[in-house]
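Protein chains: 2
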Amino acid sequence: MLSLVDLLARRDAGTLTPAAAIGIAEAAIAAREPEVGALASLQADPFVPERGPLAGIAAGVKDIIDTADLPTGMGSPIYAGWRPRADAAIVMRLRALGAVPLAKTTTSPFASLDPTRTRNPRAPGRTPGGSSAGSAASVAAGMLPLALGTQTGGSVIRPAAYCGVAAIKPSFRLLPTVGVKTFSWALDTLGLFGAGIRDVARALALLADRPAIDLGASEPGRPRIGLVAQDFAGSPDPDMQAALAAAVRAAERAGASVRDLALPEPLPGAWARHGIIQDYEARQALAWEYASHRDALSEGLGARLDRAQDLTARDYDDARRHAHQARRALKDVFSDVDVLLTVSAPGRAPEGLASTGDPRFNRLWTLMGVPCVNLPVPGEGAPLGVQVIARFGDDGRALAAARMIEAALADPSR
Amino acid sequence: MLSLVDLLARRDAGTLTPAAAIGIAEAAIAAREPEVGALASLQADPFVPERGPLAGIAAGVKDIIDTADLPTGMGSPIYAGWRPRADAAIVMRLRALGAVPLAKTTTSPFASLDPTRTRNPRAPGRTPGGSSAGSAASVAAGMLPLALGTQTGGSVIRPAAYCGVAAIKPSFRLLPTVGVKTFSWALDTLGLFGAGIRDVARALALLADRPAIDLGASEPGRPRIGLVAQDFAGSPDPDMQAALAAAVRAAERAGASVRDLALPEPLPGAWARHGIIQDYEARQALAWEYASHRDALSEGLGARLDRAQDLTARDYDDARRHAHQARRALKDVFSDVDVLLTVSAPGRAPEGLASTGDPRFNRLWTLMGVPCVNLPVPGEGAPLGVQVIARFGDDGRALAAARMIEAALADPSR
């Protein structure tokens, strides 16, 4: 994979120009894209800034994020060839930092659940996950060192786990969603994919203009980790349970303390109501598409919006009250631990391309708005990942703990 | 003015068809628009639904709100003739209820402070206010019974006061902002203009699908009213102070109890930081326009965005913390009173069209996300208005109290 911090180090050492760094990504795309199918469009002859903290970094932009110079297709025939007037705020932020928004990446239609054509570069024959399929796959295939995705249920952390790459879904609204197609305004969150934890930490610190998020800004110390089973979401596969156990052992080897932690009500109740908030808002956000182009919607999304017509404002207000109470309860949970550790998905990526997998272990954290980091757990076979979660606004702490475990996993002797 | 509830009552009595009701608005537009200049575009031959709770209601839509069948110009040459792909969520909601989005209404560029060409129908030679200038003026001129605006500082309540119409800025995100051009995502709030309080109450109850918001759903009783001076924002003009006193006397005649109420810190501190949140977000939301079309920005907005480049994430995070604490403090304020009463603007609309007036008495309430109703106070000369404010989510209570005072003001003998 292309490591963002490695590319920047080579650039800063004078051994790689920004243009040459972009050329590496372009060459990798030429070699891998025909097989992976992660890109919706590609900038043919991009302008490459010479300066800026991310000069030389080629970025993938999920195709529900507006770009003025590339089509924004939303993964749907309804928007085929659509050209927004302006770049989304996050795309302008990439440009301001010197990065090159080189390609749009494939997405489930309107960032919902239906699959794309994209293959999983790390697990042949299995889904790359979704909805940020192309962002996860393009990083996993070594085509891009950075890609933007969005998560409303589990659309960043799950595909990152399935494709074996690092990712962060930051605190809610830390990254601006202006110019990002809305599915659910209370949930939609921009996220980042990179080769490793250091890469997404550097990218997030720069994009959010919060240097303290980057690794090394403060010492991780000996974090107190709460191990969360999320029983309310069912059990993960045995493979995934083994990966979580390996992450726990690595954390302890690195000096962390780990203890089991149950999530009391109202947290399971909030988890159960995530879909009500999501679908009640999606019905409004996609009202034009549903009324004008129902037949052109993908099968799963169309059925979901059909069902959403029956939701009431009362259901929605009740679900929002539960979520509000759960956010307060989660603050109390964090009074005793620094971060939480749990699985990123039920198991390895499902076989075939018919499904993008199940976001049931991701929903609660999106609803809580707290930062989640996917940490790949090395091993045989298709990738597995666990997530490190911190309190709202504490993105740097989640990344520091994830990096600590990542380093310990890479060095089993330590 | 065209009253929404009166039009609906005539329709329900069988004396007015929906098409004839739309025709009334069209005729009024033909007569008044050349002089008022409140419309950015007009639907030539609109489809008029026969059924629906708002069938027969012609609505104005502020020109920063996306429409698929009319241009959305954002009040800026940068978007001249721009055609979004989809209708905004709130426009689809109008259609679902049977209303006709008949016209786009003028707006300050990107809903900022710079004036439009629109005249104040109730105060010749004075500004109609802004940024929702066309929405306020089109209702005041009797051209439309309903218009949508947005408020980020004081862009709904202030023009309503200047033009002598009723308006509500509802609880934050009660109405969906999907498809509304973002200035500040933490502040931008959709609002409604109508002839009187009953009109905006009916419209909001229907658009938000919360019947309990409408008048009559519960008895207003004898509300406890807190009279708020907002000293931190300076003093209103003597005329406005007299209007506020008249509203207090009317409220007391109607059975309310009124007492002075000071707003303690952190509320004044939050008021002072409103602009930091607004401008830090506007810098991101309008990054493409600023980078690509700086010379085409209006003078005030360009200067504002120039200054906003110096704001830091630290300034912004500090301002958000203050706002968070102020929202908690405001909950305590509402433990002793049902609604607050304060001025809607410093005074009558300023003379001339060079300024849209001052939102300093509006900013705090937008930042708090609480519902605000503008209530015109009858009298000689250019209009004056006061605002009735309730706790978050209590839009119906603000409207009920405003209606109670409105009725008492209309009948000084009572």
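Residue numbers (our numbering), protein chains in the order written: chain A, 1 to 414; chain B, 1001 to 1414. Even glycine gets a Cβ: it sits at the ideal position worked out from N, Cα and C.
Task: is_contact[aspartate 1318 (chain B), chain A] using C-beta, thresh 7 Å - done: no
TODO: Can you grab the Cα-Cα spacing for the pair valine 377 (chain A) / glycine 164 (chain A), in whole Å?
DONE: 8 Å
Open item on the list: If we define contact as Cβ-Cβ less than 7 Å, is proline 77 (chain A) a contact residue for chain B?
Closed with: no
Open item on the list: Per the DSSP calculation, alanine 118 (chain A) is bridged to which residue(s)?
Closed with: One detail in the question is off: residue 118 (chain A) reads as threonine in this sequence, not alanine. In DSSP, threonine 118 (chain A) forms no bridge with anything.
- [ ] For the alpha helix (DSSP H) containing alanine 1028 (chain B), list its first residue and its last residue.
- [x] 1018-1036
Open item on the list: So with CB distances below 8 Å, who are the chain B contacts of proline 176 (chain A)?
Closed with: Trp1185, Glu1281, Gln1284 and Ala1285
Open item on the list: For threonine 1312 (chain B), tell me which candidate among B:Val1343, B:Ala1245, B:Gly1075 and B:Gln1278 has the shortest Cα-Cα distance.
Closed with: B:Gln1278
- [ ] Quick one: using the 10 Å Cβ neighbour count with 16 as the cut-off for buried, is phenylalanine 361 (chain A) buried or exposed?
- [x] buried
TODO: Count the other C-beta atoms from every protein chain shown that fall within 10 angstroms of the C-beta of phenylalanine 1047 (chain B), then say buried if there are 16 or more, exposed otherwise.
DONE: exposed
TODO: Mind the definition here: the stretch 126-141 of chain A touches the stretch 32-41 of chain A only if three or more C-beta pairs lie below 8 Å; say whether that holds.
DONE: yes
Open item on the list: I want to see whether chain A comes within less than 7 Å of aspartate 1209 (chain B), judged by CB atoms only; does it?
Closed with: yes
Task: Residues that arginine 1224 (chain B) bridges to, as DSSP identifies them - done: B:Ser1257
Open item on the list: Determine whether the beta carbon atoms of alanine 398 (chain A) and alanine 408 (chain A) lie at a separation below 7 Å.
Closed with: no
Open item on the list: Could you check whether glycine 1129 (chain B) and alanine 1462 (chain B) sit closer than 7 Å to each other, using their CB atoms as the reference points?
Closed with: There is simply no residue 1462 (chain B) to check, as chain B begins at 1001 and stops at 1414 in what is shown.
- [ ] Compute the Euclidean distance between the alpha carbons of leucine 1215 (chain B) and leucine 1094 (chain B), then round it to the nearest angstrom.
- [x] 20 Å
Open item on the list: Between the alpha carbons of alanine 1217 (chain B) and alanine 1205 (chain B), how many angstroms are there, rounded?
Closed with: 10 Å
- [ ] Specify, as a first and last residue, the run of the beta strand (DSSP E) that alanine 1059 (chain B) falls within.
- [x] 1058-1062
Open item on the list: Suppose only complete runs of 3+ residues qualify. What are the beta strand (DSSP E) ranges in the stretch 174-230 of chain A, listed by chain order?
Closed with: 189-194 and 224-227
- [ ] Using a threshold of 7 Å, state whether the C-beta atoms of alanine 421 (chain A) and serine 344 (chain A) are closer than that.
- [x] Nothing can be reported for residue 421 (chain A): it is not among the residues displayed for chain A, which extend from 1 to 414.
TODO: Could you work out which residue in A:Glu50, A:Leu144, A:Pro268 and A:Pro34 is closest to glutamate 26 (chain A) when comparing CA atoms only?
DONE: A:Leu144
Task: Three-state secondary structure (DSSP) of valine 1373 (chain B) - done: strand
TODO: Reducing DSSP to helix, strand and coil, say where glycine 234 (chain A) ends up.
DONE: coil
Task: Separation of aspartate 1188 (chain B) from threonine 1182 (chain B), as counted between CA atoms - done: 7 Å
TODO: Can you give me, in chain order, the residues of the stretch 83-109 of chain A that have a beta carbon less than 9 Å from any beta carbon in chain B?
DONE: Pro84, Arg85, Ala86, Asp87, Ala88, Ala89, Ile90, Val91, Met92, Arg93, Arg95 and Ala96
Task: Limits of the unbroken beta strand (DSSP E) element including serine 1135 (chain B) - done: Taken as a continuous stretch (DSSP letters only), serine 1135 (chain B) belongs to no beta strand (DSSP E), being part of the alpha helix (DSSP H) at 1133-1140.
Task: Delimiting residues of the alpha helix (DSSP H) encompassing glutamine 1284 (chain B) - done: 1267-1285
- [ ] Have a look at threonine 116 (chain A) and leucine 1146 (chain B) and give me their C-alpha separation to the nearest angstrom.
- [x] 43 Å
TODO: Compute every distance between the C-beta of arginine 1327 (chain B) and the non-hydrogen atoms of the ligand FMN, then say whether any falls below 6 Å.
DONE: Among the components of this structure there are no ligands whatsoever, and the ligand FMN is therefore not found.
- [ ] List the residues that DSSP assigns as beta-bridge partners of threonine 107 (chain A).
- [x] Threonine 107 (chain A) is not bridged to any residue.
Open item on the list: At the level of alpha carbons, what is the spacing between serine 171 (chain A) and aspartate 1315 (chain B)?
Closed with: 18 Å
Open item on the list: With a threshold of 7 Å between beta-carbons, can histidine 1288 (chain B) be considered close to chain A, or not?
Closed with: Here residue 1288 (chain B) is tryptophan; the residue named in the question, histidine, does not match the sequence. Cβ-Cβ to chain A under 7 Å: yes for tryptophan 1288 (chain B).
- [ ] Please list, in chain order, all residues of the same chain as leucine 1340 (chain B) whose beta carbon is under 6 Å from its beta carbon, the five residues on each side excluded.
- [x] Gly1226, Val1228 and Ile1389
Task: proline 1124 (chain B) versus alanine 1382 (chain B) - alpha carbon distance - done: 8 Å
Task: 7 Å Cβ cutoff met for alanine 1140 (chain B) and arginine 1122 (chain B) - done: yes
Open item on the list: Using beta carbons (cut-off 7 Å, strictly below), is valine 313 (chain A) in contact with chain B?
Closed with: The sequence as given places alanine at residue 313 (chain A); valine does not occur at that position. Judged by the 7 Å Cβ criterion, alanine 313 (chain A) is in contact with chain B.
Open item on the list: Below 7 Å on C-beta distance, what does threonine 1152 (chain B) contact in chain A?
Closed with: Result: empty, since nearest Cβ-Cβ is about 13 Å, beyond 7 Å.
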